[in-house]
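Those protein sequences? They're chains A and B, same order as listed. For reference, each letter of the first sequence is one residue, going 2 to 531 in this note's numbering. For reference, each letter of the second sequence is one residue, going 7 to 370 in this note's numbering. C-beta atoms are modelled at their ideal positions from N, C-alpha and C, and glycine is treated no differently.
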Amino acid sequence: MNENKVSSNRNNQIKIKVCMIKKPLLLESRNITKSFGSFIANDQINFDIFEGEIHGLLGENGAGKSTFVKMVYGLLEPSEGAFFWNSKKISIKGPQEARNIGIGMVFQHFTLFPTLTVIENIQLALSEKISSPELRETIIKKSAEFGITVDPDIYVRDLSVGEQQRVEVLRCLLQNPKLLIMDEPTSVLTPQESEQLFRVLKKLSKTGCSILFISHKLREVKELTQRATILRRGCVIDTVASSEVSTEQLAKMMVGSDPQNVKPKSVVNSDDYLVRISGLNRPADNPFAAPLEDISLSVKAGQIIGVAGIAGNGQSELMEALTGEWRSTATVDVFNAFGTDIRNYSAHERRQLGIGFLPEERHGHSAVTNMKLTENTLLTHHNNPVIQKFAIVQNETLENLTDEIVHNFDVRTPFQNPLASSLSGGNLQKFVVGREIIKKPRVFFVAQPTWGVDIGATKFIRNALIDLANNGCGIIVISQDLEELFELSDEICVLFRGKLSESMPLKELDSEKIGMLMGGEFSPHFQRGQ
Amino acid sequence: MFYLVPRNEIPLSFRITIPIISVVLTIICGFFIFSVLGYEPDKALYHFFISPLSRVDKIADLFVKACPLMIIGTGLVLCFRANIWNIGAEGQLIMGAIFAGALALYFPNTQSIWLLPFMAILAFLGGAFWALIPALLKIKLRTNEILVTLMLTYVASLFLDWLVRGPWRSPTSFGFPLTAYYPDVGLISKIYFPGIGYISQLHWGVIMAILICLFCWFTMEKTIFGFQFKLIGDSPKALRFSGFNESNTTLSIFIISGGLAGLAGMIEVSANIGQLQPNISFGYGFTAIIVAFLARLNPAAVIISALLIALIEVGGDSAQIALAIPKVVTGVFKGILLFFLLAGETLTKYEIKYNFNLQSKTND
């Protein structure tokens, strides 16, 4: 088995080398630099892509991947340097011009109209007008060619995320691009859907179309691409043949040092549940919300439960139910914390009991960006008798507490007590996590603790969560980042279309199994839906 | 493209010089306008700026004029900070005056010193009641408070009109739409300065107004309630996350601002008029909106901005009387002053930058 893999890898290598010799260059960037004020997002990027090549662009959050492709697609203008297209110097003035010369892009966030059909969506994006029957024929032809099965007359709102992405790809294909840019396409897909996408992309590259595949997931880049360029802090670290390097080597190049591991989590040796939830139902209150159905979730002291799932399957609804921002005694059977029925407790009352929580959105939910850090501390500490006496805020103690959070959680601030908006995402997240942890909660509910946060802060936050659990706090982490859940959790369950699977111990799970669950394999919906 | 970038730090020198520059520019502009229109500009400007400040009793009149503006304005500051657009303070003022007036007219012969405090309480309740209607509609049915508060102003105004022409008209008013005079204990007395006596119309309501402004400032800046008000304005989601009740917060803001407007109505009537009549307010409820913004939504600064607006109003009247300058011209001049003040304010907070890169209009 292993030997087979090795030999097939060798074959691939040979093939790649042949390609590299034969195929001409399609796009080349020479010394591309982009600076925003004093911040250099891209520094002297040298990069090239052959015709028909699948090229990976690998890097951490904030490494400068998006900035670079935005320049390729004409959304940003380079400060210095130039692009060469078929060895001719070009300057791309805007997305329309990029499309005209043959560059297509599929964004991380979709740009489809849910209330229109597939064909109408595609029609809207085309520069020349094509009649519907003619377009339908083209769509069917194209989709058959690449194995993208999609019904042209279905409404986009009825499509799964994976299917919507296929429509986006299809829409690009109709313009016959020579270069297709995919920005983090798998971040919204299950592992199985990703496989499907990869098959399409491979077929596409065989027809001579080049693909620039942006990701921070090493395995994917290794599996799909022929070469990969690694970016770190705006600089190109190296361009490598993907099959010749190990994922460990890639990781090292991406992060800059040996990826520092997260602390070990100690074994849970408690049997009493801190929080017990069962029969939690929540009807959808708008057409875009996912209704929650019959959710059961419990957490013991010292335990970390991970809730996996793709965005939009009810994560924010579940989080609101956990925090008490949404609450109901009518549709929830049991919601106990430390033996108290807290179904009808407000966020405030839950906090009083020693429950901490942290929603996903930093801007305007867990923090208010145009308020100072002290006021952001007040947000969840206002009931502390040291902070508030007879409704009067004790500014000195509040400042001391804020300083303590800033100090203990390594929050880098430009000056004392700045507005929250002047902190970087990672620092603000460290601040809000610290603000909750410093209260020593007995139970902590947290959503996407490291979303859009740089690698250093990510490790810091994960370690802080593990410390908290090792000290006996029960934690529920809702996250779309599987790597995060595998690092943190004792048990993982999966949310799919508002239903939650049973939680399973980490050792019984691998990413394939989770992927099946994320696609709804456990849920009765799945049977009906397919 | 020109665009405004918030300044990180506002130097103290800016805070001092920019308002002065604004006033100087206003004077230059006014000089020009008055000359073109054929009035003697130096005299016109004298009547606008110097005359109202030339004597102690005239300054006292400014305070009297500013009194209702302070009380309403400080309530509106709380509203606007909370992103609640109550622009019907005029109606709440009238309702407060009606409630207080009902008590005063019901006990025409009372000698009790309790009448005035109870009138104040009723006035607060009246104004709060009138603000509660849009508040409940906003919370329950998500109606727009701008429309509802504005429309209720006309309802209140016509209700007062009906009362003073109909059931409450005094039999001794010779057919004029006026109620009977309030009993003496229902009137707010002027301040007696030992050794000096009364200074023009300066009454105790003015002291109360200043205290209310300071109290609101304290509430806003130092208490958890003020934090809630700011929070609901900045981010209702964060307010819920923080564990406060959004509806209650909204309700209390409406009640406070409506109640304060009602109180202002009662003080205006009890201190200056002594009876109800069809017009008891000269648009104080609307002018207070400008006062609130001019004070940069700071409840204490309302004291200054109310005095400034009062100065313009009194100065306009004075220029009108002394030089026969038409009301519209004084209106234009007031507009110019406000324009320069607000422009100066904007330039204090933001700096203008010019972007040479026209590509910044990204499609992303």
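Taking just the CA atoms, how far does residue j sit from residue i?
i	j	result
L219 (chain A)	S243 (chain A)	10 Å
I22 (chain A)	N14 (chain B)	Low confidence applies here, because I22 (chain A) scores a pLDDT of 49, under 50, leaving its location unreliable and the question unanswered by this model.
R246 (chain B)	E350 (chain A)	12 Å
N464 (chain A)	M255 (chain A)	21 Å
M101 (chain B)	K333 (chain B)	29 Å
V151 (chain A)	V157 (chain A)	10 Å
A126 (chain B)	A470 (chain A)	57 Å
M214 (chain B)	L220 (chain B)	10 Å
L181 (chain A)	E98 (chain A)	14 Å
G350 (chain B)	L329 (chain B)	30 Å
G103 (chain A)	L27 (chain A)	11 Å
S329 (chain A)	M72 (chain A)	49 Å
P450 (chain A)	S367 (chain A)	11 Å
G473 (chain A)	I305 (chain A)	10 Å
V70 (chain B)	F180 (chain B)	30 Å
G81 (chain B)	G264 (chain B)	8 Å
F8 (chain B)	E503 (chain A)	57 Å
L164 (chain B)	I286 (chain B)	12 Å
T230 (chain A)	V162 (chain A)	28 Å
L175 (chain A)	Q316 (chain A)	35 Å
A294 (chain B)	G82 (chain A)	57 Å
S57 (chain B)	K64 (chain B)	8 Å
G95 (chain A)	E78 (chain A)	9 Å
V447 (chain A)	E488 (chain A)	15 Å
I141 (chain A)	N314 (chain A)	30 Å
L496 (chain A)	R167 (chain A)	23 Å
D190 (chain B)	I104 (chain B)	18 Å
S132 (chain A)	L348 (chain B)	55 Å
N201 (chain A)	T187 (chain A)	The question names Asn, but residue 201 (chain A) is Val in the sequence shown. The alpha-carbon atoms of V201 (chain A) and T187 (chain A) are separated by roughly 13 Å.
G307 (chain A)	I476 (chain A)	8 Å
W86 (chain A)	E29 (chain A)	7 Å
F130 (chain B)	K301 (chain A)	53 Å
P115 (chain A)	I123 (chain A)	12 Å
K89 (chain A)	L198 (chain A)	32 Å
D240 (chain B)	F113 (chain B)	46 Å
Thinking residue i and residue j are a contact (beta carbons under 8 Å), I'd like their distance in whole angstroms, please.
i	j	result
P305 (chain B)	C222 (chain B)	4 Å
G170 (chain A)	G57 (chain A)	Checking the sequence, you will find Val at residue 170 (chain A) rather than Gly. In fact, because the Cβ distance is near 17 Å, the residues do not count as touching under 8 Å.
G373 (chain B)	Y160 (chain B)	Residue 373 (chain B) lies beyond the residue range present for chain B, which begins at 7 and ends at 370; the question has no answer from this structure.
K266 (chain A)	I41 (chain A)	That belief does not hold up - the Cβ atoms of K266 (chain A) and I41 (chain A) are roughly 38 Å apart, past 8 Å.
I16 (chain B)	T354 (chain B)	6 Å
T370 (chain A)	A421 (chain A)	5 Å
Y290 (chain B)	V11 (chain B)	Not really, about 37 Å apart at Cβ, beyond 8 Å.
T118 (chain A)	I155 (chain A)	6 Å
P74 (chain B)	V170 (chain B)	With 8 Å as the limit, P74 (chain B) and V170 (chain B) do not qualify as a contact, their Cβ atoms being about 19 Å apart.
K24 (chain A)	F51 (chain A)	4 Å
L31 (chain B)	F346 (chain B)	5 Å
G97 (chain B)	W136 (chain B)	6 Å
F445 (chain A)	G357 (chain A)	5 Å
V387 (chain A)	G427 (chain A)	With 8 Å as the limit, V387 (chain A) and G427 (chain A) do not qualify as a contact, their Cβ atoms being about 29 Å apart.
Inset, instruction - Would you list, in sequence order, the uninterrupted alpha helix (DSSP H) runs of no fewer than 4 residues that lie entirely inside the stretch 101-147 of chain B? - result: Listed in chain order, they are 121-147.
Inset, instruction - Return the chain-ordered ranges of every beta strand (DSSP E) run that is complete within the stretch 406-460 of chain A and spans a minimum of 3 residues. - result: 444-448
Legend entry - Any 3 or more C-beta pairs closer than 8 Å across the stretch 48-64 of chain B and the stretch 226-235 of chain B: Contact fails: fewer than three Cβ-Cβ distances are below 8 Å.
Legend entry - Validate contact between the stretch 312-326 of chain B and the stretch 510-526 of chain A using beta carbons, cut 8 Å, 3 pairs: Note that the stretch 312-326 of chain B does not touch the stretch 510-526 of chain A; fewer than 3 beta-carbon pairs, one per stretch, sit closer than 8 Å.
Legend entry - Unbroken stretches of the alpha helix (DSSP H), 4 residues or longer, contained in the stretch 154-186 of chain A: 162-174
Inset, instruction - Evaluate the contact criterion for the stretch 343-361 of chain A versus the stretch 397-415 of chain A: three or more CB pairs, one atom per stretch, below 8 Å. - result: no
Inset, instruction - Go through the stretch 459-504 of chain A residue by residue and report every complete run of the beta strand (DSSP E) that reaches 3 residues or more, in order. - result: 475-479, 492-497
Inset, instruction - Note down, in chain order, all residues in the stretch 229-255 of chain B with a beta-carbon under 8 Å from any beta-carbon belonging to chain A. - result: T229, I230, F231, F233, K236, L237, D240, S241, K243, A244, R246, F247, S248, G249, F250, N251
Legend entry - Members of the stretch 377-396 of chain A that neighbour chain B once the beta carbon cut-off is set at 7 Å: L379, L380, T381, H383, Q389, A392, I393, V394
Inset, instruction - Would you check if there are 3 or more beta carbon pairs closer than 8 Å linking the stretch 246-257 of chain B to the stretch 29-48 of chain B? - result: Verdict: no, contact absent.
Inset, instruction - Could you run through the stretch 64-80 of chain A and flag, in chain order, every residue whose CB is less than 8 Å away from some CB of chain B? - result: K71, L76, L77, E78
Legend entry - Complete runs of the beta strand (DSSP E) confined to the stretch 374-406 of chain A [at least 3 residues]: none
Inset, instruction - Mind listing, in chain order, the continuous beta strand (DSSP E) runs of no fewer than 3 residues lying wholly within the stretch 214-297 of chain B? - result: none
Legend entry - Inter-stretch contact at 8 Å, needing at least 3 Cβ pairs: the stretch 231-250 of chain A / the stretch 277-293 of chain A: Taking a contact to require three or more Cβ pairs closer than 8 Å, the stretch 231-250 of chain A and the stretch 277-293 of chain A do not qualify as touching.
Inset, instruction - May I ask you to list, following chain order, the residues of the stretch 337-354 of chain A that have a beta carbon less than 7 Å from some beta carbon of chain B? - result: Of all residues in the stretch 337-354 of chain A, S347, A348, H349, R352 have a Cβ within less than 7 Å of some Cβ in chain B.
Legend entry - Every unbroken beta strand (DSSP E) within the stretch 220-281 of chain A, with a cutoff of 3 residues, ordered by chain: If we require 3 residues or more, the beta strand (DSSP E) runs fully inside the stretch 220-281 of chain A come out as 228-233, 236-242.
Legend entry - chain B contacts from the stretch 28-52 of chain A (Cβ-Cβ distance under 8 Å): none
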